[in-house]
Amino acid sequence: MHAATQQFVEDLKALTDVASIQQTLERYLGRLGFDKFAYLVIRRALGPSVPLVITSYPPEWAQRYHDQNYINADDVVARAAQTLLPFDWYNVDRKRPQQGRIFNEAGDFGIRNGITVPVHGPANELSFLCVSSDATRKEFAGMATEYCADLLYAAMNYHTAVSNQVRIQGDDSGSFSLSPRERECLLWTARGKSTWEIGEILRLSSETVLFHLKNAMRKAGVYSKHHAVVKAIILGLIVP
C-alpha cells in the first residue's frame with residue numbers, strides 16, 4: 165500500500181467535519197493523479213433515503229446528472245450494487261444508447277476515464293466513490309492497476325468518516341427550504357470557499373454572505389455552516 169494512502173487514513177482520524185474530510189480526500193486523490201471525484205450514498209443504513217452526494221465534478225455536470233435522473237439509468241451505479249471490487253469505466257458497456265449518452269456528456273465536461281469503488285455497509289447500505297483523471301487511456305489503465313487496492317481501502321475509510329459525522333451531527337431531521345442566495349452561499353461553502361471568496365464570486369459583501377449563511381443555519385436548526393451544508397446535501401437542496 166502506498167504511503168499516501170496510509171497517511172490519508174491517519175489524517176481522517178483527526179477530522180470532525182465533512183468539509184475537512186472532503187478537502188483531505190481531494191488532496192489525497194491529487195497525489196495519486198486523480199483530479200475529480202464523486203461520492204454517493206445510494207442506500208443508507210440510518211436516516212432518510214435521499215442520496216448523499218459529495219463531489220468535485222463541474223457543477224454544471226453534477227446538476228445535469230441530477231436533473232436528467234441519470235442515477236437510475238447509469239450502468240455504473242447498477243454495477244456498483246453487484247460487485248465488491250473497484251472497476252474501470254472502460255469495462256462498462258457503452259452500446260446502450262442512454263449509457264453512451266451519459267459517458268459522452270460526461271466527456272464534454274472533461275470526465276472521460278474513471279474508476280468506481282463500491283462500499284457495501286450494514287442493512288443493505290450502498291455507497292461508492294468514483295475517481296477520474298484527464299490522463300490518456302494508457303496512462304489511466306496503469307493508474308487503475310497500480311492504485312486499485314489503495315482506492316478500495318481509502319474509500320472504505322472515507323465512507324466511515326463521513327457516515328460517522330453525519331450520524332454525530334444528527335442530519336436525519338426534517339426538511340427545510342432555502343432562498344436562492346442561501347443555496348448559492350451553501351453551495352460555495354461546500355466547495356471549500358471562505359466567506360470572503362464567496363463574496364467575490366457572487367459580488368456580495370462578506371457581511372451579506374454571512375447574513376445568508378446564518379439564515380440557512382437557522383432554518384436548518386444548526387450552529388455551523390458546514391453542518392448546514394451536510395443537511396442541505398442529504399436533503400437534496402444543493403448538489404455540490
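The letter at position 118 of the sequence shown is residue 282 when you use this note's numbering, and the numbering goes up by one with no holes.
Virtual Cβ for every residue (Gly too), placed ideally from N, Cα, C.
Identify whether residue i lies in helix, strand or coil by the three-state DSSP scheme.
| i | result |
| --- | --- |
| residue 397 | helix |
| residue 235 | helix |
| residue 198 | coil |
| residue 220 | coil |
| residue 271 | helix |
| residue 280 | strand |
| residue 128 | Since the displayed the chain opens at 165 and closes at 404, residue 128 lies outside it and no answer follows. |
| residue 249 | coil |
| residue 343 | coil |
When we look at the beta-carbon of residue i and count the other beta-carbons within 10 Å, is it buried (16 or more) or exposed?
| i | result |
| --- | --- |
| residue 191 | exposed |
| residue 389 | buried |
| residue 341 | exposed |
| residue 124 | Nothing about residue 124 can be reported from this structure: the residues present for the chain run from 165 to 404 only. |
| residue 321 | buried |
| residue 329 | buried |
| residue 231 | exposed |
| residue 272 | exposed |
If you compare alpha carbons, which of the options is closest to residue i?
| i | options | result |
| --- | --- | --- |
| residue 246 | 281, 265, 229 and 341 | 281 |
| residue 221 | 185, 250, 364 and 293 | 293 |
| residue 378 | 368, 392 and 366 | 392 |
| residue 353 | 319, 382 and 394 | 394 |
| residue 287 | 167, 385 and 207 | 207 |
| residue 277 | 256, 344 and 223 | 256 |
| residue 124 | 260, 188, 182 and 199 | Because the chain here runs from 165 to 404, residue 124 falls outside it and cannot be looked at. |
| residue 176 | 270, 284 and 325 | 325 |
| residue 168 | 193, 270, 187 and 180 | 193 |
Leaving out five residues on either side along the sequence, give the residues of the same chain with a beta carbon under 6 Å from the beta carbon of residue i.
| i | result |
| --- | --- |
| residue 279 | 250, 252, 295 and 308 |
| residue 401 | 342 |
Following a CB-centred definition, is residue i positioned closer than 7 Å to any heavy atom of the ligand SAH?
| i | result |
| --- | --- |
| residue 402 | As for the ligand SAH, it is missing from this structure, which has no ligand bound. |
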